[in-house]
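For the sequence shown, my numbering assigns the number -1 to the initial residue and increments by one for each residue that follows.
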Amino acid sequence: MTEKLVHPALTQIETERDDVYAFEIDGHVSQEEMDGAYKILENAYEKHGKINLLVRLGRYDGFDWSALFSEKTYVGKYQAIRHMRRYALVGGPTWAANAIGFFGPLFRMDVRHFELDDETEAWKWIYGNGED
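So, in structure tokens, the structure goes:
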């Protein structure tokens, strides 16, 4: 039997400021990975109150559906709405960009989508150095 090498689909990206967090999604995100990301963000909210978040979507193969309906996911989304100043989504499928455009105005935080080719602009914006 051949062993299959599995790499994490959700990894944290190092940032230049401690109130800016970033993740990359590359593949299928598991419940455990989502829980780990929520834990990192919960700690960030406790430390800073408000943060900025950038998510780079390289190859997105979905997520564990059980995570969608978990209590941690509901709490994580609620906390995000309360504690984020800016949220940048970089890349991803067309539907993700459309969702940001449609739902973005409903949030208290600033939300923007950037194409992968515009990632440098996304970082400038998330650090507060882009157009406001």
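Beta carbons are placed, not taken as given, at the ideal position from N, Cα and C, and that holds for glycine.
Practice task
Pick out the complete beta strand (DSSP E) segments inside the region 35 to 77, 3 residues or longer, and give them in chain order.
Solution key: 49 to 61
Exercise for the section: Measure from the C-beta of Gly74 to each C-beta in chain D and report whether the shortest distance is under 8 Å. Expected result: Judged by its chain identifiers, the structure shown contains no chain D, having just a single protein chain.
Problem - Simplified DSSP state of Met(-1), which is helix, strand or coil - result: Residue confidence is low: Met(-1) scores 48 on pLDDT, short of 50, so the model does not pin down where it sits. Its coordinate-derived value is still stated next. Coil at Met(-1), not helix or strand.
Problem - Same chain, Cβ closer than 6 Å to Arg110, five either side skipped, listed in chain order - result: Ala86
Practice task
Return the CA-CA distance between Gly69 and Lys75, expressed in angstroms with no decimal places.
Solution key: Gly is not the amino acid found at residue 69; the sequence shown has Glu there. Going by the C-alpha atoms only, they are around 10 Å apart.
Handout entry: Test item: CB-CB of Gly99 and Leu55 under 8 Å
Key = no
Problem - Where Glu14 falls: helix, strand or coil (DSSP) - result: coil
Practice task
Look at Glu30 and Ala7 and say whether their C-beta atoms are less than 8 Å apart.
Solution key: no
Exercise for the section: Indicate whether Thr49 and Tyr43 have their beta-carbon atoms separated by less than 8 Å. Expected result: For clarity, residue 49 is Ile in the given sequence; the question names Thr instead. A contact, by the Cβ cut-off of 8 Å.
Exercise for the section: Measure the alpha-carbon distance for Ala97 versus Arg15 and round it to whole angstroms. Expected result: 28 Å
Handout entry: Buried or exposed (CB count within 10 angstroms, at least 16 for buried), Val73
Key = exposed
Practice task
Would you give the residue range spanned by the beta strand (DSSP E) that Phe100 belongs to?
Solution key: Unbroken run through Phe100 is the alpha helix (DSSP H), Thr92 to Phe101; no beta strand (DSSP E).
Practice task
State the start and end residues of the unbroken alpha helix (DSSP H) segment that holds Ala120.
Solution key: Glu117 to Ile124
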